[in-house]
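What follows is a set of notes on a single structure, which appears directly below.
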Amino acid sequence: MATARSARSRRKVRRVKDKWKEKVWYEIYATPEFGGVFIGYTPASDPSLVLGRVAETSLRDLTGDPTKHMHRIYFKIFGVTGNKAIAQYYGHDTTREFMKSQIRRRRSRIDAILDVTTQDGYKIRTKAMVLTAYRANTKQKSDIRKKMEEIIKTMAKEKTFPQYVQAMLFGEMAEKIKNECKKIFPIRNVIIYKSEVLSLAKKEENEGFVKEAEETAEAQE
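Under the working numbering, residues 412 to 632 are what the sequence shown spells out, in order.
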């Protein structure tokens, strides 16, 4: 009896190993706004199974800038060429530890959450936070929130999807909000702490974006 069970166990192990042998490791590359940089690997037995997967990395790893360690970036795979998977920016968030370190007593936190559409038709949910130097009253907080929303909407209207993503992640948006809002009340910090791509642009625009991303990945060889 023990011998029969042992034989069945060996057959199960062999079957699992055989499945892994069928898998191919696909290299994941970011789209051009991140320089087509390498993100990581993902295994699959068929290219169609790679599509739609989400890869996670940090902004520090993408840029080499250690001050960007708190932001996690998500890329969604939307194209495969050979063993290369092309992944488009899908959103970002900020670590809980960093957020906690920024929030202090006797200061006000003002949040703005907006769904905006970029110049080229990408819809993005953007979440921003202003931290004041000390406690603000209700009117001051309302005025700050209105100014935040105005700046974010204007940036989306004026920028393409790649430009808007860069403005969120590399400080342009936060700096603009800080400079304008400090005219209302002293500001300690501004954080664009989360974003999510809600919908893509038109189909033909996406096809052009895929082609550009594929060419970038091929140039890495």
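Every residue gets a Cβ at the ideal spot worked out from N, C-alpha and C, and that includes glycine.
Less than 8 Å separating the beta-carbons of Ile497 and Tyr452?
no
Taking the alpha helix (DSSP H) that Ser512 belongs to, which residues open and close that run?
507 to 513
Whole-angstrom distance between Ala585 and Thr571, CA atom to CA atom
18 Å
How would you label Gly493, buried or exposed, when you count the other beta carbons within 10 angstroms and need 16 or more for buried?
exposed
What are the start and end residues of the beta strand (DSSP E) that includes His454?
His is not the amino acid found at residue 454; the sequence shown has Pro there. Counting along the chain, the beta strand (DSSP E) containing Pro454 begins and ends at 449 to 455.
Helix, strand or coil at Met540 [DSSP, three-state]
strand
Along the chain, where does the alpha helix (DSSP H) that runs through Ser553 open and close?
549 to 569
Short of 8 Å in beta carbon distance, which residues of its chain neighbour Glu433, apart from the five on each side in sequence? Order them along the chain.
Ser456
Might you give, ordered along the chain, the residues of its own chain that have their beta carbon closer than 6 Å to the beta carbon of Ile555, omitting 5 neighbours on each side?
Ile521, Val541, Cys592, Ile595
Whole-angstrom distance between Leu611 and Ser469, CA atom to CA atom
23 Å
With a CB to CB cut of under 6 Å and the five nearest residues on each side skipped, what residues in its chain are close to Lys614?
Reliability of the predicted coordinates at Lys614 is poor, the pLDDT of 47 falling under 50, and the value obtained from them is presented with this limitation in mind. Contacts found: none.
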